[in-house]
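Trainee:
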């Protein structure tokens, strides 16, 4: 049975209709897939940081994370947002468990290397897949907060899109970024259309042309980075249209799919 890793963006988490969770329940009950959720929480983190007068900024879509910022990030992600998603799952009779990457060594990380200092921002080096499969095979949905830990016990903020990508790659599952937009948009005259599919080269060109900007950059690069011979496709879907998930699993054209091409080296 397929594993469907769904990354729920912070911009849409509190806007998801009940039908979204009902769709997940149907997928699980009909044994169409094992659902797994990774979530973000940017807007709520921004709000709390502002209230606490803690400055924050981004570099290439990644939040610069000082010790002060990390405390707030972990509080919001592993606390209120994680438990709200678990609550919505339980309302729809879904068995769900809220976890962070700290729990049971779920996500081991190392610091992200960038040209600018961005503090305690990590990238995943190892996923405890045995633990996740044990939960999934017992019909328990893991709801994962993207906080990880290194070998010294230091906690790190992980970009949610990158965490979902690492988990999908480790499990060999299908990866869907659940967003508040139907995919990567292109402007044609007076209307916007969705790019039905993109390769790495095409996506990077759109980033260069500033058609793909801000938080969509790590989302797109995470989708591309998750691709391999074993996992040839990832997708951005509109969470406000839950049927898009079922249509994607049926192989219908929906959202923006990111396609693996063997002649291109993906990192």
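Residue numbers (this note's numbering): 354 to 620. Just so it is clear, CB atoms sit at the ideal spot from N, CA and C, and this is done for glycine as well. Given the structure is predicted, the values throughout are model-derived calculations rather than measurements.
At which residue ranges does the stretch 424-502 contain complete beta strand (DSSP E) runs of 3 or more residues, listed in the order of the chain?
Mentor: 449-453, 460-464, 475-480, 494-498 and 500-502
Trainee: For the candidate residues 599, 474, 607 and 359, whose alpha-carbon lies nearest to that of residue 383?
Mentor: To locate residue 383, count along the chain shown from 1; it is residue 30. Among 599, 474, 607 and 359, the Cα nearest to that of residue 383 belongs to 599.
Trainee: Tell me the rounded alpha-carbon separation between residue 535 and residue 461.
Mentor: Walking along the chain shown from the start, residue 535 turns up at place 182. Walking along the chain shown from the start, residue 461 turns up at place 108. So the two alpha carbons sit approximately 32 angstroms from each other.
Trainee: Could you round the C-beta distance between residue 381 and residue 491 to whole angstroms and report it? I think they count as a contact, below 8 angstroms.
Mentor: For the purposes of this step, residue 381 is taken as the residue at position 28 of the chain shown. For the purposes of this step, residue 491 is taken as the residue at position 138 of the chain shown. Not quite, the Cβ-Cβ distance comes to about 12 angstroms (not below 8 angstroms), so this is no contact.
Trainee: For residue 573, collect the residues of the same chain with a Cβ closer than 6 angstroms to its Cβ; drop the 5 residues on either side in sequence, then sort them by chain order.
Mentor: Within the chain shown, residue 573 is the residue found at index 220, counting from 1. Hits under 6 angstroms: 556 and 565.
Trainee: Nearest-angstrom Cα distance between residue 517 and residue 544?
Mentor: Your numbering for residue 517 matches position 164 in the chain shown. Your numbering for residue 544 matches position 191 in the chain shown. Approximately 31 angstroms between the Cα atoms of the pair.
Trainee: In this structure, how does DSSP classify residue 397 when only helix, strand and coil are distinguished?
Mentor: Start at 1 with the first residue of the chain shown, and residue 397 comes out as number 44. When DSSP states are grouped into helix, strand and coil, residue 397 belongs to the helix group.
Trainee: Can you tell me whether residue 518 sits near the ligand COA, meaning its C-beta is under 7 angstroms from at least one heavy atom of the ligand?
Mentor: Absent from the structure shown: the ligand COA. Ligands present: none.
Trainee: Do you know offhand how far residue 453's Cα is from residue 459's?
Mentor: As a working note, residue 453 is residue 100 in the chain shown. As a working note, residue 459 is residue 106 in the chain shown. Cα to Cα, the separation comes out at about 7 angstroms.
Trainee: Along the chain, where does the beta strand (DSSP E) that runs through residue 588 open and close?
Mentor: Within the chain shown, the letter at position 235 stands for residue 588. Residues 586-591.
Trainee: What does a CB cutoff of less than 6 angstroms around residue 521 pick up in its chain, not counting 5 residues either side in sequence?
Mentor: Numbered from its first residue, the chain shown carries residue 521 at position 168. Contacts found: 358, 528 and 579.
Trainee: I'd like to know if the stretch 408-417 and the stretch 462-479 are in contact, where contact means that at least 3 CB-CB pairs between them fall below 8 angstroms.
Mentor: yes
Trainee: To the nearest angstrom, how far is it from the Cα of residue 511 to the Cα of residue 483?
Mentor: As a working note, residue 511 is residue 158 in the chain shown. As a working note, residue 483 is residue 130 in the chain shown. Cα-Cα distance, rounded: 21 angstroms.
Trainee: Relative to the C-alpha of residue 424, which candidate in 376, 474 and 378 has its C-alpha closest?
Mentor: Start at 1 with the first residue of the chain shown, and residue 424 comes out as number 71. Here the closest residue by C-alpha is 474.
Trainee: For a test of the three-state rule: what should DSSP assign to residue 614, helix, strand or coil?
Mentor: Start at 1 with the first residue of the chain shown, and residue 614 comes out as number 261. Three-state result, residue 614: coil.
Trainee: List, from N- to C-terminal side, the alpha helix (DSSP H) runs of 4 residues or more that fit wholly inside the stretch 498-542.
Mentor: 513-524
Trainee: CB-CB under 6 angstroms to residue 395, same chain, minus the five flanking residues each way: which ones, in chain order?
Mentor: Residue numbering aside, residue 395 sits at position 42 when the chain shown is read from its first letter. 363.
Trainee: In this structure, what does DSSP give as the bridge partners for residue 356?
Mentor: Taking the chain shown and counting its residues from 1, the one referred to as residue 356 is at position 3. The partner list for residue 356 (beta bridge, DSSP) reads 387.
Trainee: Whole-angstrom Cβ separation of residue 450 and residue 495, contact assumed at under 8 angstroms?
Mentor: As a working note, residue 450 is residue 97 in the chain shown. As a working note, residue 495 is residue 142 in the chain shown. Contact holds; Cβ gap of about 6 angstroms.
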